[in-house]
Structures are given as C-alpha cells and as structure tokens.
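Chemist: Numbering (this note's numbering), first residue to last: -12 to 245.
1) Taking just the CA atoms, how far does residue 185 sit from residue 53?
2) Check whether the region 38 to 51 touches the region 8 to 24, counting contact only when three or more Cβ pairs, one atom from each stretch, lie closer than 8 Å.
3) Run the CB neighbour count on residue 125, radius 10 Å, all protein chains shown included, and call it buried at 16 or more, exposed below.
4) Just checking my contact of residue -10 with residue 113 at CB under 8 Å: how many whole Å lie between their CB atoms?
5) Quick one: using the 10 Å Cβ neighbour count with 16 as the cut-off for buried, is residue 172 buried or exposed?
6) In angstroms with no decimal places, state the Cα-to-Cα distance between residue 237 and residue 202.
7) Report the three-state DSSP secondary structure of residue 142 (helix, strand or coil).
8) Does DSSP put residue 8 in a helix, a strand or coil?
9) I believe residue 25 touches residue 117 by the beta-carbon criterion, under 8 Å. Please report the beta-carbon distance rounded to the nearest angstrom.
10) Just the C-alpha distance for residue 225 and residue 93, rounded to the nearest angstrom, thanks.
11) State yes or no: is the C-beta of residue 205 within less than 8 Å of the C-beta of residue 183?
12) Report yes if the CB atom of residue 216 is closer than 8 Å to the CB atom of residue 223, and no otherwise.
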C-alpha cells in the first residue's frame, strides 16, 4: 500500500468540510479500504464527531508538528486511535494547534512537516484524509503541500463562492513554489434541488469548473446531524439515506482517479 492523501479544505466554514472528511472516510472503508482520518482543525470537529474529546486526548496532531523527527515512528503508534465499531483510524486534534503559527515561527521547512511525517505511515493505508481548518495558515498549507488531491466542498450558495476565490488565490501562490501544481476537485454540498438559487449555483459551478468538479452532488440530509450527535458516521445509523448514497458515489469517483 501507498496511501493517497486527500486534503479536504475550503476557506469558508460551514460548507460540509468535516462531514465530507468523516463520511467519505467511512464510505471508502466500507469499500474495504484502509483509511486514516487526521484532524488538523483546532476546533477538533472531526475528532468530536468520532468521540475523541480534546480534554481527554493524550496525544494529538499538535505533537506531530512539534516532536523531533526521530520520535515520529513511536509517536504515530500513540497518535492513531479507533473507538469500538468505527470504520477507520483517527488522529485527533487539539486546541493547541492554534498555537503552531507562533511555536514554529522560526522553524525552517515548516510547510513540509506533515508531508514528511506521513511518509512513516503511508504504507499502512489506502487513503489518508486531512480535515483542514477553514482559515489559511500553516496547517492548511501543510495539508495542501502533502496531498495528492485537494477536495474542495462548496455549499451550493452564492456566498460560498467567495470562499472558493480565497482558496484559489492560495493555490496560485503555492503553485509558484511547489514542484508540481496542486491537483484538486470541487464537490457540491448541501444541495437543495427545490431551491432555485441552489440550482443556479450548481449550474454555474459546472460551467466554470467542468472536469475539475466531481459528478457526485451531496444533498441536504438531516441524518448527518443525527449521526454527528451520536458520534457515528451516517452509515452506522442509516446507510440508505440520501447523504450516505451521495458519499458512496463520491468514494467510487475518488477510487477511479488512480
């Protein structure tokens, strides 16, 4: 195995980023893939969703960025956790991630830390999913540099298009210094086919992005909130709901890319 690294990012919050990370991870695992989800957001939403609460977590992604490289092999063993009944492994986050900008201010090569650290575990997984914070900073840059594919969830709402512009500005900046351009695909989320505005945004995205957009469209589904409240993936509570089926189609599209 040599894991494909998927970063899920958008510089606007509330677009389905964590839902996409957790549910796509579960959908891939249900297709017999070995999956690791790494929470890079100081708010730790993906961690809490999977019942890893920051106050109780002994090791977090903060340690991965601050520990010496020589301890990475042992550290990974401490970082990777899984609760009973869950479909994939998780590395939980900590509020201390918000301190990294200051803690690593003078560190050389800080934008490549995650990419280097992932080399220790890539041979153990088929997919590694990175749940990114919504704001541009060291963590989001690390995720984009480390990934094989950047997945950009876009809420089908006109306001969400502004966050997309910010992310593309970031990509243009990074592409000037990276050895090869970042590969990305957009994913339409929170789609309500009854709303004319949603239909217009989806049509606009399709015309603007063409092949750089997944065919899968994730519809509004209250079962996502139900699953989050129970600390489970949507497949554990209702594998046949609209949202679950949407992410099953996305998992097939992701697999077909390689």
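Note that the Cβ used here is the ideal one computed from N, Cα and C, for glycine as well.
As the structure is a computational prediction, the values presented were derived from the model and not from experiment.
Modeler: In short, the structure shows the following:
1) 43 Å
2) no
3) buried
4) 6 Å
5) Classification for residue 172: buried.
6) 8 Å
7) strand
8) helix
9) 5 Å
10) 48 Å
11) No, they are not a contact pair.
12) no
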